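For the protein sequence lines, the chains are A and B, in the order given. Its first residue numbered 1, the first sequence is counted upward by one per residue in the numbering used here. Its first residue numbered 373, the second sequence is counted upward by one per residue in the numbering used here. Everything on this sheet refers to the single structure shown next.
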Amino acid sequence: MQTGGGIARLPAPLRLESGGVLHGVEVAYQTYGTLNPDRSNAILVCHALTGDQYVSGIHPVSGKPGWWAKMVGPGLPLDTDRWFVIGSNVIGGCMGSTGPASDDPATGKPYGLSFPVITIADMVCAQAMMLETMGIERLFAVVGGSMGGMQVLQWAHAFPERISAAVCLASAGRHTAQNIAFHEVGRQAIMADPDWRGGAYQAAGVRPEKGLAVARMAAHITYLSEPALQRKFGRELQRDGLSWGFDADFQVESYLRHQGAAFVDRFDANAYLYITRATDYFDLAAAYGGQMAKAFERARDVRFCVISFTTDWLYPTSESRRVVRALNAAGARTSFVEVDSDKGHDAFLLDEPVMTAALTGFLASAAEAAQL
Amino acid sequence: MIQFKPTDRHDFDEILRLVRPGARVLDVACGEGVLLERLRAEKDVDGRGVEIGAAEVSACLAKGLAVMQGDAERDLAEFSDASFDYAILSQALQAMRNPRTVLEELLRLADRAIVSFPNFAHWRVRASLMVRGRMPETRALPEAWWATSNIHLCTLRDFTDLCQELGLRIEAAAALVQNRPARAMNALGPLENWRAEQAIFLLSRRTATHPIETEQRDLFA
Numbered sequence: 001m002q003t004g005g006g007i008a009r010l011p012a013p014l015r016l017e018s019g020g021v022l023h024g025v026e027v028a029y030q031t032y033g034t035l036n037p038d039r040s041n042a043i044l045v046c047h048a049l050t051g052d053q054y055v056s057g058i059h060p061v062s063g064k065p066g067w068w069a070k071m072v073g074p075g076l077p078l079d080t081d082r083w084f085v086i087g088s089n090v091i092g093g094c095m096g097s098t099g100p101a102s103d104d105p106a107t108g109k110p111y112g113l114s115f116p117v118i119t120i121a122d123m124v125c126a127q128a129m130m131l132e133t134m135g136i137e138r139l140f141a142v143v144g145g146s147m148g149g150m151q152v153l154q155w156a157h158a159f160p161e162r163i164s165a166a167v168c169l170a171s172a173g174r175h176t177a178q179n180i181a182f183h184e185v186g187r188q189a190i191m192a193d194p195d196w197r198g199g200a201y202q203a204a205g206v207r208p209e210k211g212l213a214v215a216r217m218a219a220h221i222t223y224l225s226e227p228a229l230q231r232k233f234g235r236e237l238q239r240d241g242l243s244w245g246f247d248a249d250f251q252v253e254s255y256l257r258h259q260g261a262a263f264v265d266r267f268d269a270n271a272y273l274y275i276t277r278a279t280d281y282f283d284l285a286a287a288y289g290g291q292m293a294k295a296f297e298r299a300r301d302v303r304f305c306v307i308s309f310t311t312d313w314l315y316p317t318s319e320s321r322r323v324v325r326a327l328n329a330a331g332a333r334t335s336f337v338e339v340d341s342d343k344g345h346d347a348f349l350l351d352e353p354v355m356t357a358a359l360t361g362f363l364a365s366a367a368e369a370a371q372l
Numbered sequence: 373m374i375q376f377k378p379t380d381r382h383d384f385d386e387i388l389r390l391v392r393p394g395a396r397v398l399d400v401a402c403g404e405g406v407l408l409e410r411l412r413a414e415k416d417v418d419g420r421g422v423e424i425g426a427a428e429v430s431a432c433l434a435k436g437l438a439v440m441q442g443d444a445e446r447d448l449a450e451f452s453d454a455s456f457d458y459a460i461l462s463q464a465l466q467a468m469r470n471p472r473t474v475l476e477e478l479l480r481l482a483d484r485a486i487v488s489f490p491n492f493a494h495w496r497v498r499a500s501l502m503v504r505g506r507m508p509e510t511r512a513l514p515e516a517w518w519a520t521s522n523i524h525l526c527t528l529r530d531f532t533d534l535c536q537e538l539g540l541r542i543e544a545a546a547a548l549v550q551n552r553p554a555r556a557m558n559a560l561g562p563l564e565n566w567r568a569e570q571a572i573f574l575l576s577r578r579t580a581t582h583p584i585e586t587e588q589r590d591l592f593a
């Protein structure tokens, strides 16, 4: 598998949905496979909240396989022998793209909280501009799960003429009150950490690690299903007997602490605030009086594949169904299946055979329709 | 709801003959997409499906068919009026909780509907009831009464009455007996209600906006 990557510097300032402007925006990306001569075989894979551009291969920071290495590679559903797969870090992120930890060109100091609030639409605009710098005017497909799925829907809304197919996994057209509530818990945990310093922790040479870890622990619970958590840990103890104190007696406690600790090594606390905010603000129907179908009016010729998972209570099937209903009403050709899995929200990251087969079949027929 | 092995689905042959090449088709209760695959391969249709079973939908998606997991009795409302040329409901009407509403929906979202179902007035069914005093277990209705998902079985007469009531035009009708080619029939004829083991109807709204093409008149001739 041929891989590449780098940092694309956007040729123009990024005009944000909030009304602000970001100058000198950089977008970090990775590529897998080979771009064909007529540049028609590109697939953009959009990452979730804490994902990044390292879709496949080995992640340079964690040393572990990329977050979708099971799906992207030679002979896999996103077959890199055929497709040129691009992963890019969202703006507002912390893996090389411009975000709150980057230096503000106006001051030469880290943005911190002076970084403007960005949205899913802004992330997608930056992706489209990045692709232009790569000479790619049209994508065969946009694929993503969770927050990546929101970007997919936004692509279909904003740039339908630039995509042939769209795959939206375990996602939603808007955040529910519960989604916003969980994110707020995470943000409050970060902001309650004394080391957060009003967002200016970089200048002070500290990091709000405890707050960010708690945010991750709370969020991680929402990514798993109750049965999976019960099966994996139950009430199993770390050691023989209880400590009669507040150590991590239960294995599930130890597991969550580990998740939190591992996360702070690779993620920036302010980026977490900004990206969670972007997903909370996302609501495709808002500009159309609540009618999401109107957001897809120009996307009638895009082929959609929407997949949800039975035990995903973070982005439940009912939210995917809302998206499907809107797509049907808009007259878009839409496939939808609710995959039976006990893995909760994270199922989309795993090797779910039904999802794998559906994706393979969908992309093959979409490629045929696009005469690729 | 599945009455036959896919290879035994003679009604599929007839449905394929009815559908205009390149048409937009919605197959309601499409199962594993056997008919949709044939429509795609043999008629180059723009085919889509609705199916309630996740395993069946997964099989369809793996084949590259555009199928939505959904309940025909609730989710057809999502499709706009006249968004298809044909809506197909093969061997599933009798399993619907509200077959009347489903039939109306088919002809709202498509110009024409193709509906096939087992005729409960077929002589074998009548004989089973009359002679044996039991619910029929015939070739067209192979399952025991306690196992079947058929909850709204009807006869040809019942069906044509309903079409009349709903203001539907019967453009063509054919009788099917297993292992024999379809036979065009006058669905209102008194004998057909005895003879037809299964029936296929091509229906349109009386106020259809599109004229019926002449090539479609002698469908079963």
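In this text, a Cβ means the ideal position worked out from N, Cα and C, and glycines have one as well. The structure displayed is predicted, hence computed values, not measured ones.
Residue i, DSSP secondary structure in three states
{"i": "Arg15(A)", "result": "strand"}
{"i": "Ile307(A)", "result": "strand"}
{"i": "Pro490(B)", "result": "strand"}
{"i": "Pro110(A)", "result": "strand"}
{"i": "Thr532(B)", "result": "helix"}
{"i": "Val354(A)", "result": "helix"}
{"i": "Arg541(B)", "result": "strand"}
{"i": "Cys168(A)", "result": "strand"}
{"i": "Thr133(A)", "result": "helix"}
{"i": "Ser462(B)", "result": "strand"}
{"i": "Thr360(A)", "result": "helix"}
{"i": "Val429(B)", "result": "helix"}
{"i": "Phe115(A)", "result": "coil"}
{"i": "Asp122(A)", "result": "helix"}
Partner residues on chain A for residue i, Cβ-Cβ distance less than 7 Å
{"i": "Ser430(B)", "result": "Val337, Val354, Ala357, Ala358"}
{"i": "Arg420(B)", "result": "Arg333"}
Interface partners of residue i on chain B, CB under 8 Å
{"i": "Gly4(A)", "result": "None at all; the shortest Cβ gap to chain B is about 30 Å."}
{"i": "Ser225(A)", "result": "Per Cβ cutoff of 8 Å: no residues; Ser225(A) is ~17 Å from chain B at best."}
Proximal residues of chain A, C-beta to C-beta of residue i below 9 Å
{"i": "Ala426(B)", "result": "Thr310, Val337, Glu338, Val339, Asp340, Val354"}
Residue i: contacting residues in chain B (beta-carbon distance under 7 Å)
{"i": "Val21(A)", "result": "The premise fails here: Val21(A) is roughly 40 Å from chain B at the closest Cβ pair, so nothing lies under 7 Å."}
{"i": "Ala364(A)", "result": "Gly436"}
{"i": "Gly361(A)", "result": "Leu433, Ala434, Lys435, Gly436"}
Proximal chain B residues relative to residue i, where beta-carbon distance stays under 9 Å
{"i": "Phe250(A)", "result": "The contacting residues do not exist; Phe250(A) stays about 34 Å from chain B at best."}
{"i": "Val152(A)", "result": "The premise fails here: Val152(A) is roughly 17 Å from chain B at the closest Cβ pair, so nothing lies under 9 Å."}
Bridge partners - residue i, DSSP secondary structure assignment
{"i": "Arg420(B)", "result": "Leu398(B), Ala438(B)"}
{"i": "Phe246(A)", "result": "Note: Phe246(A) sits in no beta bridge, so no partner."}
{"i": "Asp195(A)", "result": "Note: Asp195(A) sits in no beta bridge, so no partner."}
{"i": "Pro65(A)", "result": "Ile58(A)"}
{"i": "Glu26(A)", "result": "Arg9(A)"}
{"i": "Gln570(B)", "result": "Pro490(B), Leu548(B)"}
{"i": "Val337(A)", "result": "Ile307(A)"}
{"i": "Ile163(A)", "result": "Leu139(A)"}
{"i": "Gly73(A)", "result": "Asp79(A)"}
{"i": "Val85(A)", "result": "Tyr32(A), Ile43(A)"}
{"i": "Ser576(B)", "result": "Arg484(B), Arg541(B)"}
{"i": "Val474(B)", "result": "DSSP, once it has assigned bridges, lists no residue as partnering Val474(B)."}
{"i": "Asn555(B)", "result": "It should be pointed out that residue 555(B) corresponds to Arg in this sequence rather than to Asn. For Arg555(B), which the question treats as bridged, DSSP gives the partners Ala547(B)."}
{"i": "Val21(A)", "result": "Arg15(A)"}
Near the ligand COA: residue i beta-carbon under 7 Å from a heavy atom
{"i": "His494(B)", "result": "Ligands in the displayed structure: none, and consequently the ligand COA is not present."}
For this session: Anything in the stretch 432 to 465 of chain B with a Cβ closer than 7 Å to a Cβ of chain A? List those residues in chain order, please.
Result: Leu433, Ala434, Lys435, Gly436, Ala438, Val439, Met440, Gln441, Glu450, Phe451, Ser452, Ser455
Exercise. Going along the stretch 382 to 399 of chain B in order, which residues come within less than 9 Å of chain A, judged by CB to CB distance?
Worked result: none
Exercise. Do the stretch 456 to 465 of chain B and the stretch 426 to 439 of chain B touch if we need at least three Cβ pairs shorter than 8 Å?
Worked result: no
Exercise. Are three or more beta carbon pairs between the stretch 166 to 177 of chain A and the stretch 140 to 154 of chain A nearer than 8 Å?
Worked result: yes
Exercise. Should the stretch 86 to 103 of chain A be regarded as contacting the stretch 267 to 284 of chain A, the criterion being three or more beta carbon pairs within less than 8 Å?
Worked result: yes
Exercise. Using Cβ-Cβ distances below 8 Å, what residues of the stretch 290 to 305 of chain A are close to chain B?
Worked result: Arg303, Cys305
Exercise. Between the stretch 317 to 331 of chain A and chain B, which residues of the former have a C-beta closer than 7 Å to a C-beta of the latter?
Worked result: Val324, Arg325, Asn328, Ala329, Gly331
For this session: Flag this pair as touching only if the stretch 388 to 396 of chain B and the stretch 412 to 424 of chain B have three or more C-beta atom pairs under 8 Å; answer yes or no.
Result: yes
Problem set entry | Three or more C-beta pairs below 8 Å linking the stretch 330 to 346 of chain A and the stretch 185 to 192 of chain A | no
For this session: Count the C-beta pairs between the stretch 175 to 182 of chain A and the stretch 77 to 87 of chain A that are closer than 8 Å, then say yes if the count reaches three, no if not.
Result: no
For this session: Determine contact between the stretch 22 to 35 of chain A and the stretch 123 to 134 of chain A, defined as no fewer than three beta-carbon pairs at a distance below 8 Å.
Result: yes
For this session: Assess, as a yes-or-no matter, whether the stretch 531 to 542 of chain B is touched by the stretch 494 to 514 of chain B under the definition of 3 or more beta carbon pairs within less than 8 Å.
Result: no
Exercise. Contact between the stretch 62 to 79 of chain A and the stretch 231 to 241 of chain A: three or more CB pairs below 8 Å?
Worked result: no
For this session: For the stretch 285 to 292 of chain A and the stretch 102 to 113 of chain A, state whether three or more C-beta atom pairs, one from each stretch, are separated by less than 8 Å.
Result: no
Exercise. Touching or not, the stretch 467 to 478 of chain B and the stretch 511 to 525 of chain B, by the rule of three or more beta carbon pairs under 8 Å?
Worked result: yes
For this session: Determine, using beta-carbon pairs with one atom in the stretch 43 to 50 of chain A and one in the stretch 242 to 257 of chain A, whether at least three such pairs fall under 8 Å.
Result: no
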